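Residue numbers (my numbering): 16 to 198.
Cβ atoms here follow ideal geometry from the backbone N, Cα and C, with glycine treated the same way.
Quantities reported herein were computed from a predicted structural model and do not represent experimental measurements.
Reading through the structure tokens given below for one structure.
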Amino acid sequence: VDLYVGGVEHAVLHLLYARFWHKVLFDLGHVSTPEPFQRLFNQGMIQAYAFTDERGMYVNATDVVEAGDGTFTHNGIEKVNRLFGKMGKSLKNSVTPDEIYASYGADTLRVYEMAMGPFDVSRPWRQDDIVGAHRLLQRAWRAIVDEESGAVIVTDVAIADDTRKVLHRTIAAVNDDYDNLRF
């Protein structure tokens, strides 16, 4: 495998397991490389607020409301504590992709996640920022397609030299960013 991308929490056991069996296969002469992965890259975690009740049990973040005094209540009754950390099902603070697909589409989710920040750094989930990714895609679409007729409005006309230079610098920068997993 040329590149293994995985989170720190899951990658450790996956790597131990894969490396163990690859070593066995290498020692038996069934594979030609001593290591299964040429390059390892650990992505950061997406983080979000989680809430616990007085017992320390996590409560569903979607049922929590912030009061005017800065406190938080669960189902409008009991006060809860707000914590910041990783997003996950066990912490009851995750956002499912289906929710985003239904409102904005899969491409918006992809653009938002890739634009959240450096791929290898943990970063906070901001539901309100998804609108910006959606607007960016809509603007790109309108630059290519006429919304009234659905006709393509891009033409195959030669571009000016200064525009061509900007284009090639942009292509070089995007290639470099992509090669180095800087989205």
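Output needed for residue i: all residues of its chain with C-beta closer than 7 Å, excluding positions within five of it in sequence on either side, in chain order.
i	result
MET131	ARG138
Roughly how many angstroms lie between the CA atoms of residue i and residue j, to the nearest whole one?
i	j	result
ALA22	ASP177	Note that residue 22 is Gly in the sequence shown, not Ala. Computed Cα separation, rounded: 42 Å.
ASN57	HIS25	10 Å
GLN53	ILE186	26 Å
PHE41	ASN195	29 Å
HIS183	VAL189	10 Å
VAL126	PHE35	36 Å
LEU151	ARG157	10 Å
GLU128	TYR193	15 Å
Grab me the residues of residue i's own chain with a C-beta within less than 8 Å of its C-beta, minus the 5 sequence neighbours each way, in chain order.
i	result
PHE87	PHE66, VAL79, VAL80, GLU81, LYS94, VAL95, ASN96 and ARG97
GLN142	VAL110
GLY91	VAL80
Could you give the DSSP three-state label for residue i: helix, strand or coil?
i	result
PRO133	coil
GLU81	strand
ILE202	With the chain covering only 16 through 198, there is no way to say anything about residue 202.
LYS101	strand
PHE35	helix
THR170	coil
THR111	coil
VAL160	strand
GLY22	strand
THR123	helix
ARG150	helix
THR86	coil
VAL14	Because the chain spans 16 through 198 in this model, residue 14 falls outside it and cannot be assessed.
Residues in the same chain with beta-carbon distance under 6 Å from residue i, minus the five sequence neighbours each way, listed in chain order, please.
i	result
ALA63	MET102, ASN108 and TRP140
PHE99	TYR64
HIS149	TYR119 and THR123
Below 8 Å on the Cβ atoms is my contact criterion, and I expect residue i with residue j to pass it. Report the Cβ-Cβ distance as a whole number of Å.
i	j	result
ILE159	ILE168	7 Å
GLU50	HIS29	The Cβ separation is near 14 Å, so there is no contact.
PRO133	ARG197	7 Å
- alpha helix (DSSP H) runs contained entirely in the stretch 39-76, provided each spans 4 or more residues: Qualifying alpha helix (DSSP H) stretches: none in this window.
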